[in-house]
Amino acid sequence: MATIVRPHGGTRGHGAGSVSAPLYQLKAEFFKTLGHPVRIRVLELLSEREHAVSEMLPVVGVEPAHLSQQLAVLRRANLVITRREGSAVYYSLTSPQVAELLKVARSILSGVLAGQAELLADLQAASSEGEPQA
Numbered sequence: 115m116a117t118i119v120r121p122h123g124g125t126r127g128h129g130a131g132s133v134s135a136p137l138y139q140l141k142a143e144f145f146k147t148l149g150h151p152v153r154i155r156v157l158e159l160l161s162e163r164e165h166a167v168s169e170m171l172p173v174v175g176v177e178p179a180h181l182s183q184q185l186a187v188l189r190r191a192n193l194v195i196t197r198r199e200g201s202a203v204y205y206s207l208t209s210p211q212v213a214e215l216l217k218v219a220r221s222i223l224s225g226v227l228a229g230q231a232e233l234l235a236d237l238q239a240a241s242s243e244g245e246p247q248a
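In the numbering used here, the protein residues as written are 115 to 248.
Listed below in structure tokens is the structure:
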């Protein structure tokens, strides 16, 4: 099998492991950026429409400094952009695909939780069948 060395240090070949390690790293960093409840909540809000920081504070329910810190993480990851209007700072998503990703994640979680609920119901039914009747 021929392997092509790319200028950025990655390789390309056929079969398992053909995607370069730097791409996996970038994906891991991307998902790590999403790995905080406040950032997820902010992205969900921004999926609906642009929001001013002052609008997000009561909904997200954290201290202003903490929200500012989380917004900075999202800005550095290029997931959100800002604009100023007077003293207000407005945030919006850089891409509608972020909202789509959140919808897909919600759908996956719904399926997982539904499966867990079914399993719990089966366990409870099996447990009650095995218990002696009074």
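Ideal Cβ placement from N, Cα and C applies to all residues, glycine included.
#1: Which partner residues of Glu113 appear in the DSSP bridge assignment?
#2: What three-state label does DSSP hand Val174 in the structure shown?
#3: Alpha helix (DSSP H) containing Thr147: first to last residue?
#4: Kindly give me the distance between the Cβ atoms of Pro159 and Val194, rounded to whole angstroms, as I take these residues to be in contact under 8 Å.
#5: Is there contact between the stretch 160-178 and the stretch 189-206, where contact requires at least three CB pairs shorter than 8 Å?
#6: Grouping DSSP H, G and I as helix and E and B as strand, with all else coil, what is Leu216?
#7: Taking only three categories from DSSP, how would you classify Ala231?
#8: Using only the alpha-carbon positions, how far apart do Leu234 and Phe145 sit?
#9: Ends of the alpha helix (DSSP H) at Glu164?
#10: Counting only the same chain and skipping the five closest in sequence on each side, list residues whose C-beta sits under 6 Å from that of His122.
#11: Check whether the stretch 149-156 and the stretch 176-196 touch, using three or more Cβ-Cβ pairs below 8 Å as the test.
#12: Only counting the same chain, and skipping five residues up and downstream in sequence, which positions put a Cβ closer than 7 Å to that of Met170?
#13: Just how far apart, CA to CA, sit Arg220 and Asn192?
Looking at the coordinates:
#1: Past the edges of the chain, shown from 115 to 248, lies residue 113, and the structure says nothing about it.
#2: Three-state DSSP puts Val174 in a helix.
#3: For Thr147, the enclosing alpha helix (DSSP H) stretches over residues Ala135 to Thr147.
#4: In the sequence under discussion, the amino acid at residue 159 is Leu, which differs from the Pro named in the question. In this structure Leu159 is not in contact with Val194, their Cβ atoms being roughly 11 Å apart against a cut-off of 8 Å.
#5: Yes: at least three Cβ pairs fall under 8 Å.
#6: Correct three-state label for Leu216: helix.
#7: Residue state for Ala231 is assigned as helix, using DSSP reduced to three classes.
#8: Cα-Cα distance, rounded: 30 Å.
#9: Here Glu164 belongs to no alpha helix (DSSP H), and DSSP marks it neither H nor E.
#10: Any answer about His122 is weak, because its pLDDT of 46 lies below 50 and its placement is not dependable; what the coordinates show is given next. Within the same chain, no residue comes within 6 Å of His122 by CB-CB distance, once the 5 residues on both sides are set aside.
#11: Counting Cβ pairs under 8 Å, three or more are found: they touch.
#12: Non-local beta-carbon contacts of Met170 in its own chain, meaning distances under 7 Å to residues more than five positions away in sequence, involve Val156, Leu159 and Leu181 in chain order.
#13: The alpha-carbon of Arg220 is positioned some 22 Å away from that of Asn192.
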